[in-house]
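Structure first, then comments.
Number of protein chains: 4
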Amino acid sequence: MKALKLGMVGGGQGAFIGGVHRMAARLDGRWELVAGALSSHPARAEASAKELGLDPKRSYQSYAEMAVQEAARADGIDAVAIVTPNYMHAGPAIAFLEAGIHVICDKPLAATSEQAQLIDAAVRASKAHFILTHNYTGYPVIRQARKLVENGELGEIRVIQAEYAQDWLSEAADNKQADWRVNPEKSGAGAIGDIGTHALNLASFVSGLQPQALCADLHSFVDGRRVDDNAHIMLRFEKGAKGMLWASQVAVGCENTLTLRIYGEKAGLEWQQENPNQLSFTRFGQAKQLLTRGGAGFGETAGDWTRIPPGHPEGYLEGFATLYSDAADLISGVGAGELLPNLDAGLAGMWFIQACQESSEQGAVWLSRAGD
Amino acid sequence: MKALKLGMVGGGQGAFIGGVHRMAARLDGRWELVAGALSSHPARAEASAKELGLDPKRSYQSYAEMAVQEAARADGIDAVAIVTPNYMHAGPAIAFLEAGIHVICDKPLAATSEQAQLIDAAVRASKAHFILTHNYTGYPVIRQARKLVENGELGEIRVIQAEYAQDWLSEAADNKQADWRVNPEKSGAGAIGDIGTHALNLASFVSGLQPQALCADLHSFVDGRRVDDNAHIMLRFEKGAKGMLWASQVAVGCENTLTLRIYGEKAGLEWQQENPNQLSFTRFGQAKQLLTRGGAGFGETAGDWTRIPPGHPEGYLEGFATLYSDAADLISGVGAGELLPNLDAGLAGMWFIQACQESSEQGAVWLSRAGD
Amino acid sequence: MKALKLGMVGGGQGAFIGGVHRMAARLDGRWELVAGALSSHPARAEASAKELGLDPKRSYQSYAEMAVQEAARADGIDAVAIVTPNYMHAGPAIAFLEAGIHVICDKPLAATSEQAQLIDAAVRASKAHFILTHNYTGYPVIRQARKLVENGELGEIRVIQAEYAQDWLSEAADNKQADWRVNPEKSGAGAIGDIGTHALNLASFVSGLQPQALCADLHSFVDGRRVDDNAHIMLRFEKGAKGMLWASQVAVGCENTLTLRIYGEKAGLEWQQENPNQLSFTRFGQAKQLLTRGGAGFGETAGDWTRIPPGHPEGYLEGFATLYSDAADLISGVGAGELLPNLDAGLAGMWFIQACQESSEQGAVWLSRAGD
Amino acid sequence: MKALKLGMVGGGQGAFIGGVHRMAARLDGRWELVAGALSSHPARAEASAKELGLDPKRSYQSYAEMAVQEAARADGIDAVAIVTPNYMHAGPAIAFLEAGIHVICDKPLAATSEQAQLIDAAVRASKAHFILTHNYTGYPVIRQARKLVENGELGEIRVIQAEYAQDWLSEAADNKQADWRVNPEKSGAGAIGDIGTHALNLASFVSGLQPQALCADLHSFVDGRRVDDNAHIMLRFEKGAKGMLWASQVAVGCENTLTLRIYGEKAGLEWQQENPNQLSFTRFGQAKQLLTRGGAGFGETAGDWTRIPPGHPEGYLEGFATLYSDAADLISGVGAGELLPNLDAGLAGMWFIQACQESSEQGAVWLSRAGD
């Protein structure tokens, strides 16, 4: 099985998520990084490319050049990973989509709805695939949870509680990761964009339900911060389910506490990202079960999406890697990618961000999703 | 130290909370149950009194008679425990207050605001004390958490997340406990009254902050149910703190999951009622600490409000018993009862219930607390 | 239901376990403390009796006098609780047994095998009951675990891992609780007697298996300590089961960490005293279940031995209280006391202590239980 | 940075640990798999090589041929991973060491002491490095724990409790993984070799202490099994520390429960492999701390050996990968490999296996390590 060829936009030295994408792409041996426009700073781009062992000729000064040249090569990249700050997603995404090169883009989709619409149009016009790395959907236990819901094990869903709490922005921060995230021009939003969209995506991925309306109370607790660092949101989902979503980057003691709880007529489930190999599952009137990744509780297909046996913990990178393997399957024509987050997930996230902002600005009122 | 004399209204055979009050009153040897109007059914009252070893002469047919006669006795009761359904709190509370007998009343204060106002007036007119058994405030770790906040360990409070989830009403239930709780005439409310008030009370007790406004989305998921069984609430507290409160009786897999999380500028704390001997406490930028009941983490006064050493778990009954011991201290003039939930707590709970109902009826809009 | 009358030997001011026995006796309203020889120091005895509200005439200078006089009273005590240090169990136990008064004695049985034999003889010669407060057998979840084993849910038992770890004696201690425990003349042994016997008793109680041989490596880590503060023990039980037992009072970070794990052919179970309301139970090839006190997982008799519903934690005192209630049932002729630890449990503990000491002195060799 | 070239012996289709080594080698991009003798079955070797994208010329029929030919190539492999069953370690290890090719060998070192001695001699005679994949030493939190001990945070070590419990061999198994592991000719031992050596290695790695004597009670609970499936072991370590080690493959409910607890004069630590991103650490007389991978509790060098921030769980493969990255550093001359398990660790494990077997055969008696 030959590895596919990957290019990368962003992810130069000092970046965080670029390295994650590279490890995720490497883990299963399905991808080989061969090209990049790794930084808008030429010197950093060059040094980063050297460090990664790229052919200097395929270390580009701009994504635009990279899109054109890679499309022209016989051995050009199969896909590009876009790992730039939010406001720099649209440019490269559109360039590569137009060049017919598949796009694997970090989330959220964009910094503004205008940018999102441009991406939307480009995806519709292109034969290339567009994948958004809502990576938490790659955890095997999350995918098994989705199957439980699909199979009707919970009955009709009543309540969805989603949370994503961190504490690293509890004080005014001063580092490369924080800088663009708290700059509304670059990020488009604070906690709701950076982590809230993950929580919403996960809730919809597992429950199969999209939000129809929300009421959001956003706040910036740190003096001078121009984006939200705490978001309290009430949600109404399809089919009558109700939910709450809390996203915070000032919750002291929370490292990366993404939690999903779903309660239905017949059963309930609870999951925490920091202990991702386990799902708490309770049928009404029965004992609580701890279902483990690959373990007996998930039945005959328990091993799906896992690499190693139960009790050998898989983590964040493995979940992320599953998106890259799924992408390889999709591009190779082996799989249909039905579990891969795509443009729709991105647009749902953009609606979420903007509805939260509008709701909050109007005093935390209810807003419905257009068309609903 | 002579035990004080306790009477009880309600709590006859088949009741739940009456037995809890009796065990709580007995544990520390500070109270002796000597009189009761244990049931409105004379036969059940008599049988219950016999089972409890009451002098038949002090097993009364009505609370009114009991109040009058006990007040007249030289060895009359020092206090009465009122453990009837919500709509039957006001009558006995007023009768005993008027008789100058201290009242220990189960929560919430009443089924309606009219009833609450009558109790309010009676408390103001009486020299007797009025204590409301928001029993979770009796857990030693909760009281230590309150001290941490008071001592400024968290800095200014930013976020308060309170939850109280159960699953026993996930289906239409048919038992004595459920019957009156889902009857709006008897309970006044569903989950928000029965358990939501506990969560709010706990949040205010530990944080020292009262809610100023709320926005509530109440729902009944079980067909035909006439009270809320799930409540999603956003809160704004004094001093700029924001919060969420979730109360549910249809969260399958949750037995009695009361959770409080408070995040401040400098530190955060997390507590779960089902594991009540432990508090998770994190100072920003430091390792998470697990502070245990009576353990070193709470400093020199760690042993306050505990009976047995760290590692020997105290539970629900011990926390409840602490309210009874505090009440004995207060009545005996040994203590000031400053930690005992009182009428103010009851009125805060009544505002909460009614504001939730009004907010939800109006489509989940924000309502402020009068006077704020 | 009239309360039984209880006397107490030991348990004066400054003692720990006496207060525990009193709270346990009070909780369910089945006992009334009416007499005591609370201390060998007359002044402390008197002050203690006053504090507890005893009739001064029934506050005795010696247990011998108390046994005689209480036996002679028409309203004499039904039972005596012996809560003195180990070396002072035999005297009062024999005196009350000879007086025909039921004995509830703290563990271990005695400080020496000679004392144990004298108690043994007295129990055989008396019609009175002898109960040893291995209180951890009173936890509802432990009793349910025993039922699971009895019902064959685990199949044949293979492995038993029992641990009891504390850290309070990690340094040379200087307090009333520590003083007699580290004095071999008063305690007879260190960690193996004080806590190791609890772990062994619990293992046998749940598994239904007695130890047949052991190999023990005892050690005192604290300079100058004359009793063991750490014990490593390998065990062979009846029916081919094998086990390990670790008892330590120098395990820094362990408050009162009593843990029992039993693995059989068909299933395994795990329990920790510090979270006593939950049992982890796994059938081979199935998902792990968390069975909760009173919860659905224990079937129709889940509520046995509980006072309050699932999710309302019961603790150490409730488990202890169950022994007192069982004792009341036994003495009242209501129950047979088949779950109450008795002389046999005490003798098993004495064998354990002495075999551990002998084994260790001989270099940690295997010793069998006489008769096996 | 150019990737090093890796060969592999064993690890063909149907194998488990070979795939793990490959993912571990890939994760950090430091290795490229270019050659293999993947199976002793030619057809399987060929199919496996094709699946992995190896150049057919470098898919060898035997490890001997591979060692010779790769050593002769200008672009020959830098190291070989040996992932065969235990009895097949010595042959390839010696062949590649003699060829001057670095060896990364799965554990335990060998199936017999004769084989181990041959490897020992080959390592001494070769300039090539020999690395044994006791992979659990690669977990960042384990390495931080080792630093805590080295830095004297625990004071003198007193007690070491190590456990490795699984349940997959609770019944007679019938699969490729089980087949050779329960065949004493191929494995050399049962649970003690397969997992017990991991537990011992981890205990010594973190504590810095080697065992000096042991007393082992091995047993096979499953009918007809010819190797131990449960091992109870008492240990005496250097400097007066004492320990217990439990290894079991019949502990129903345990997936891969490797646990290490170390208690010293001043502090104690506890770690569980199934939740590997967290270390419980308690200083005597202070609150328990939960130190997290990369988190504040580990100080300025908290990020050592981690790839992603706290709260983003790393797992088994990441820990394994760290050994491969360390090996790359060592071979590249960047690092000294001081944390890499080597021949000494292998010989310690062989002593452990054989001493356990001899001790148990003699009735579970104490045996000292030669020279101690």
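Protein chains in written order, with the working numbering: chain P, 5 to 376; chain E, 5 to 376; chain X, 5 to 376; chain A, 5 to 376.
Using N, Cα and C, we set each Cβ at its ideal position, and we do this for glycine too.
- Its Cα nearest to that of Val38 of chain X, the residue X:Val13 stands out among X:Arg48, X:Val13 and X:Ser44.
- Inter-residue distance for Ala340 of chain P and Gly11 of chain A is about 34 Å (C-alpha atoms, whole angstroms).
- Nearest in C-alpha terms to Cys109 of chain E, of all of E:Gly142, E:Thr116, E:Ile123 and E:Trp370, is E:Ile123.
- In this structure, Thr141 of chain A lies away from Leu8 of chain A, with their beta-carbon atoms at least 8 Å apart.
- Along the length of the region 272–308 of chain X, whole alpha helix (DSSP H) runs at least 4 residues long do not occur.
- Under the three-pair Cβ rule at 8 Å, the region 343–356 of chain P counts as touching the region 135–153 of chain P.
- At a cut-off of 8 Å between beta-carbon atoms, Trp370 of chain A makes contact with chain X.
- Between Ala149 of chain X and Cys258 of chain X, the C-beta spacing is not below 8 Å.
- Of all residues in the region 263–286 of chain A, the ones placed with a Cβ closer than 8 Å to any Cβ belonging to chain X are Arg265, Tyr267, Gly268, Glu269, Lys270, Ala271, Gly272, Leu273, Glu274, Ser284, Phe285 and Thr286, in chain order.
- Interface with chain A (8 Å Cβ-Cβ cutoff): Ala149 of chain E is excluded.
- Beta-bridge analysis with DSSP links Glu36 of chain A to A:Lys9.
- Against Tyr320 of chain P, the close residues of chain A are Ile312, His316, Pro317 and Glu318, in the order they occur along the chain (beta-carbon pairs closer than 8 Å).
- At a cut-off of 8 Å between C-beta atoms, Asn234 of chain X counts as an interface residue with respect to chain A.
- For Glu50 of chain P, no CB of chain A lies under 8 Å from its own CB, so it is not counted at the interface with that chain.
- For the 8 Å CB-CB criterion, Gln181 of chain X and Phe20 of chain X form a contact.
- Among the CB atoms of chain A, none fall inside 8 Å of the CB of Val107 of chain X.
- The beta carbons of Arg297 of chain P and Pro314 of chain P sit closer together than 8 Å.
- A check of alpha carbon separations from Gly367 of chain X across A:Pro317, A:Glu322, A:Met238 and A:Val256 identifies A:Met238 as the nearest.
- Taken in chain order, the members of the region 285–300 of chain A whose beta-carbon sits within less than 7 Å of a beta-carbon on chain E are Gly289, Gln290, Ala291, Lys292, Gln293, Leu294, Leu295, Gly299 and Ala300.
- For Pro112 of chain P, the number of other beta carbons within 10 angstroms of its own is at least 16, and it is reported as buried.
- In its chain, beyond the 5 residues on either side, Leu8, Arg34 and Trp35 have a beta carbon closer than 7 Å to the beta carbon of Ala332 of chain X.
- Within the region 19–50 of chain X, Phe20, Gly23, Val24, Arg26, Met27, Arg30, Leu31, Asp32, Gly33 and Leu37 place their CB atoms closer than 9 Å to a CB of chain E, listed in sequence order.
- Counting along the chain, the unbroken beta strand (DSSP E) around Arg265 of chain P starts and ends at Thr261 to Gly268.
- Here Ser117 of chain X has Met354 and Gln358 as same chain residues with Cβ atoms under 8 Å from its own Cβ, once five neighbours each way along the sequence are excluded.
- Looking at the DSSP output, Cys219 of chain A sits in a beta bridge with A:Met238 and A:Trp370.
- At a beta-carbon threshold of 8 Å, the residues of chain E lying near Lys246 of chain P are Asp221, His223, Asn234 and His236, ordered along the chain.
- Straight through space, the alpha carbons of Ala28 of chain E and Tyr328 of chain E are spaced by roughly 7 Å.
- Taking every protein chain shown into account, the CB of Pro60 of chain X has fewer than 16 other CB atoms within 10 angstroms, so this residue is exposed.
- The region 262–280 of chain E and the region 220–240 of chain E do not touch, with fewer than 3 CB-CB distances between them shorter than 8 Å.
- Around the Cβ of Gly337 of chain A, a 10 Å sphere holds fewer than 16 other Cβ atoms; the residue is exposed.
- From the beta-carbon of Asn260 of chain X, the residues of chain E found nearer than 8 Å are Pro313, Pro314, Gly315 and His316.
- Contact annotation, Gly247 of chain X with Val153 of chain X: C-beta distance approximately 14 Å; criterion of less than 8 Å not satisfied.
- The bridge partners DSSP lists for Leu136 of chain X are X:Cys109.
- The alpha carbon of Lys131 of chain E has as its nearest neighbour, out of E:Ala114, E:His106, E:Lys151 and E:Gln119, the alpha carbon of E:His106.
- The beta-carbon distance between Gly299 of chain P and Gly319 of chain A, rounded to whole angstroms, is 15 Å. This is too long to meet the 8 Å contact definition.
- In the DSSP secondary-structure assignment, Gly247 of chain E is bridged to E:Ile164 and E:Leu239.
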